[in-house]
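Protein chains in written order, with the working numbering: chain H, 150 to 694; chain F, 150 to 694.
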């Protein structure tokens, strides 16, 4: 059996290696357009920034290793240009010589990845404008920065992972960075109130943030720099421009083979990673995948799922039945010492899909015991089904311990877990690592309190007309007052109940929601229509950053 | 309804607070023998070591807070001495005045905790010998250290959590520390080969380790120091002695009430935390709990489960049906910058219970992408059911990221997850946080390979008589040779297959197991009886530390 794999990075390389492990006799050909296979494109921004100084360390494997360890015929700098699905041949061109030949296959695996979006804007090919998708891209940027040591102004276009990682790495190299993002927020997978703190963080590190504006063109100005013009009429001069507008599935080959594409523009595959042609599989950034939370088809350009898909395609090609369970969109990014991570569905995704039977909570627990020095706050949002408490998604940020809590929640989502599971999770606890009630447990406990109707919730900015009852102590209120709130410290509430009007719904607020919950319990049991303002003053402040 | 709660730390305090939140009308009395409620006993060693400098920060809550926020009648320095279950009264004694009175109850909650084991050894009450169980204990040790600045020799007895945390904190204060442990390993919940590296770590930090020896008595020597004598006949002079021999459930009160105790010596409770007397509940270190992995009754003196139990007892007392799901023994300890953590059952526990239908793997992945600076190795052992791959337990150590991987596995154990779930987990990945194939995924992938029979396993020191085939490169073998091994580098294996004898079972070894797996695949598909040595040279070296 001869298997041809188009693409030699995450999904393709994983597929090739797995195939060989299962089938020592198969003929395996791996074709890669670029000069490298199996390289760490997630590390490119850090190579530009000098954190990863040695380019060679980005090369996880090389063609020789694939030949030596896996007896795989690797052809780099070779492009697949067309597929004849009927004849089971793929046309490949040697990019050095231009020579073309037809490669036959029994099974074909498409792992072409995604291509960086490059809109046809005037001037987009000017020198000094770069993508960050491949090792040569990163090398070119490093070279440009080295050759233009006085060019200290960068414009980064696009506020996704790569854009933001580039922003940080350019700031660390003392460039004055402007970030232009078309949407009204950065980090599109996050709900807007969870993205706002990331925006504030960028501004604190001197980044000029341009939201809700899009680039219309690039002009070389008399000084030799590039003027970046935007729709709003503004111009941002730049010595270097980074294009990070996102990626789209590379489906050119798939189209040439007449394969079915999905609604989101990716290659359509079944759970075995098989395309509409039974001899052709597809994996990685080019395919549409099922989101296990929403059950909707989606695109997710992440290395982890690509690797899993590559292995699963290999299994099925080798005659084993193996199923891809879908994706849940777990992701993480570090920005100036703060980690932002998430998993599952966002509120805006749920709303877009009309799935409104969810509830959400905000909380601000410490990453380890408060009594142990160095405790950092984790800001969390948890989204869960109103009906049965199934966890739908979580978004968190903080200086420490964020990855761990999101991974716990991701694992629960994978297993269909609920907020009741989360409150009962038995996690690592010693004071320098967590709390007896871990941050993740707190999320579960609060959510379960809501579902058990012990804690009716209200959210800030949800247009509520309740009377705000602030149960913090006077010193806290002096530091930050909530306009229009009635102030009764929690410890006086039982004695001063008569001061709370009975004819209105009461929304109780405190610093983070904990004391408000206690006050809500007192009020509810005394016949008041009381609700807790989720996340308290911290949520209010977050939404106002 | 009047509820009396005996014990005001983790389980008791959680129960009291939860009860009030559910039932604003109940009369709640909380009785605590010591001078403090709700204090952080997990922080005591760090207070002794000065990491937590301020004693007040250990006091999570105080009686006034319980009165103000929860309207709970807290009585500190008050001991419950007997229960009359028929009359539903508990005798309480004011430790300051000695006055006794009978307190009636409708429901009684026992949260007396566990007491430090203090064997009746000669000299055990000498000045300079301390427990580390309460805030006054820690204060006394700090005072002693301050008053004896020249006393630089410490003997710590017991190599469990508290003993080891005390060792570290005393070393950090420049004491020469000897640790005496009766068993042949420290950290009893770990399998011995996973504990050995912790022992080596202590030795590297100058600790004198005495294993397999027990203390027989203490004598004040002429210099004023204490001679600690052991069974083997050795004597260890000490200026301070820390007793950390573990704890046993405090069941005196339960016995006075005629409550049923379990085989392990703890108070027997049902899943609702109810004792054999329907009016009496018990929670925390004093009770026996069900281990969800082994289904056996066990004792587990940890704050997290105690808190959960307190809340569940409160629910049931208040008329809500709430069930404690049992424990899995997730735990963590930091030692000199290395973290040791585990969850679920150990191999020795499984063997003790006769549950031998398990398999285990060793692996040594990086905590984040190798290509990003600062990657640290995590040493992992994963134990899983041979039949269906259910994860039974995991033990790991390393300098970073250990808590996170153990928490992921703990969460899967909670949900009955398998190694197949683990290999498919979608976890946070960016190069400074993890790998596209995370350390946890690797554990799942390797285990799944074993169960799918792609990778027959052999373990070091398992008395195997296979021919060892070392597939590392010559430079690696020069640095560390495996005695008696045939050496063929992986990349030459296909060409040199004829050199591998066909009449013997082949055990393939490499550095960590990855190349050995590839070689095993080649050999198996060429008709050899090949197995992979799990964990490779790293596992060999670990077992020989």
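Just so it is clear, CB atoms sit at the ideal spot from N, CA and C, and this is done for glycine as well.
Mind reading off the beta-carbon distance from residue i to residue j? Whole number of angstroms is fine, and I expect it under 8 angstroms.
{"i": "residue 413 of chain F", "j": "residue 264 of chain F", "result": "With 8 angstroms as the limit, residue 413 of chain F and residue 264 of chain F do not qualify as a contact, their Cβ atoms being about 15 angstroms apart."}
{"i": "residue 495 of chain H", "j": "residue 542 of chain H", "result": "6 angstroms"}
{"i": "residue 305 of chain F", "j": "residue 326 of chain F", "result": "6 angstroms"}
{"i": "residue 329 of chain H", "j": "residue 257 of chain H", "result": "Not quite, the Cβ-Cβ distance comes to about 40 angstroms (not below 8 angstroms), so this is no contact."}
{"i": "residue 384 of chain H", "j": "residue 378 of chain H", "result": "5 angstroms"}
{"i": "residue 432 of chain F", "j": "residue 449 of chain F", "result": "That belief does not hold up - the Cβ atoms of residue 432 of chain F and residue 449 of chain F are roughly 12 angstroms apart, past 8 angstroms."}
Classify residue i: buried if its beta carbon has 16 or more other beta carbons within 10 angstroms, exposed otherwise.
{"i": "residue 453 of chain H", "result": "buried"}
{"i": "residue 213 of chain H", "result": "exposed"}
{"i": "residue 472 of chain F", "result": "exposed"}
{"i": "residue 237 of chain F", "result": "buried"}
{"i": "residue 456 of chain H", "result": "buried"}
{"i": "residue 624 of chain H", "result": "exposed"}
{"i": "residue 275 of chain F", "result": "exposed"}
{"i": "residue 528 of chain H", "result": "buried"}
{"i": "residue 470 of chain H", "result": "exposed"}
{"i": "residue 538 of chain H", "result": "buried"}
{"i": "residue 407 of chain F", "result": "exposed"}
{"i": "residue 505 of chain F", "result": "exposed"}
{"i": "residue 520 of chain H", "result": "buried"}
Return the chain-ordered list of same chain residues with a C-beta closer than 6 angstroms to the C-beta of residue i, the five sequence neighbours on each side being excluded.
{"i": "residue 593 of chain H", "result": "568, 571 and 572"}
{"i": "residue 290 of chain H", "result": "197 and 279"}
{"i": "residue 668 of chain F", "result": "620, 639, 642 and 657"}
{"i": "residue 354 of chain H", "result": "320 and 485"}
{"i": "residue 659 of chain F", "result": "620, 621, 665 and 685"}
{"i": "residue 587 of chain H", "result": "576"}
Are the Cβ atoms of residue i and residue j separated by less than 8 angstroms?
{"i": "residue 208 of chain H", "j": "residue 226 of chain H", "result": "no"}
{"i": "residue 590 of chain F", "j": "residue 574 of chain F", "result": "yes"}
{"i": "residue 307 of chain H", "j": "residue 293 of chain H", "result": "no"}
{"i": "residue 422 of chain F", "j": "residue 370 of chain F", "result": "no"}
{"i": "residue 553 of chain H", "j": "residue 553 of chain F", "result": "yes"}
{"i": "residue 281 of chain H", "j": "residue 331 of chain H", "result": "no"}
{"i": "residue 562 of chain H", "j": "residue 492 of chain H", "result": "yes"}
{"i": "residue 662 of chain H", "j": "residue 692 of chain H", "result": "no"}
{"i": "residue 232 of chain H", "j": "residue 451 of chain H", "result": "no"}
{"i": "residue 219 of chain H", "j": "residue 260 of chain H", "result": "no"}
{"i": "residue 631 of chain F", "j": "residue 510 of chain F", "result": "no"}
{"i": "residue 400 of chain H", "j": "residue 389 of chain H", "result": "no"}
Please compile the residues from chain F whose C-beta is within a distance smaller than 7 angstroms of the C-beta of residue i.
{"i": "residue 239 of chain H", "result": "Correct list: empty, because the minimum Cβ distance to chain F is about 26 angstroms."}
{"i": "residue 585 of chain H", "result": "159, 452, 453 and 456"}
{"i": "residue 195 of chain H", "result": "521 and 580"}
For a contact defined as C-beta to C-beta under 9 angstroms, what are the partners of residue i on chain F?
{"i": "residue 173 of chain H", "result": "643, 670, 671, 673, 674 and 675"}
{"i": "residue 566 of chain H", "result": "560, 563 and 564"}
Which residues in chain F sit within 8 angstroms of residue i, going by Cβ to Cβ distance?
{"i": "residue 185 of chain H", "result": "None at all; the shortest Cβ gap to chain F is about 13 angstroms."}
{"i": "residue 522 of chain H", "result": "200 and 201"}
{"i": "residue 407 of chain H", "result": "In chain order: nothing, as chain F lies at least about 31 angstroms away."}
{"i": "residue 170 of chain H", "result": "603, 666, 667 and 670"}
{"i": "residue 596 of chain H", "result": "The premise fails here: residue 596 of chain H is roughly 15 angstroms from chain F at the closest Cβ pair, so nothing lies under 8 angstroms."}
{"i": "residue 207 of chain H", "result": "520"}
Would you mind telling me which residues of chain H sit closer than 9 angstroms to residue i, beta carbon to beta carbon, in chain order?
{"i": "residue 285 of chain F", "result": "Near residue 285 of chain F there are no residues of chain H at all, since even the closest Cβ is about 17 angstroms away, more than 9 angstroms."}
{"i": "residue 152 of chain F", "result": "What residue 152 of chain F touches in chain H: nothing, since even the nearest Cβ is about 16 angstroms away."}
{"i": "residue 555 of chain F", "result": "576 and 577"}
Which residues in chain H sit within 8 angstroms of residue i, going by Cβ to Cβ distance?
{"i": "residue 573 of chain F", "result": "457, 474 and 563"}
{"i": "residue 543 of chain F", "result": "Those do not exist, as residue 543 of chain F stays about 11 angstroms from chain H at its closest Cβ, beyond 8 angstroms."}
{"i": "residue 477 of chain F", "result": "575"}
Since residue i meets chain H, which of its residues come closer than 7 angstroms, beta carbon to beta carbon?
{"i": "residue 581 of chain F", "result": "483"}
{"i": "residue 640 of chain F", "result": "217 and 218"}
What does a CB cutoff of less than 7 angstroms around residue i pick up in its chain, not counting 5 residues either side in sequence?
{"i": "residue 582 of chain F", "result": "517"}
{"i": "residue 191 of chain H", "result": "452"}
{"i": "residue 253 of chain H", "result": "151, 237 and 238"}
Please list, in chain order, all residues of the same chain as residue i whose beta carbon is under 8 angstroms from its beta carbon, the five residues on each side excluded.
{"i": "residue 339 of chain H", "result": "347, 489, 491, 495 and 544"}
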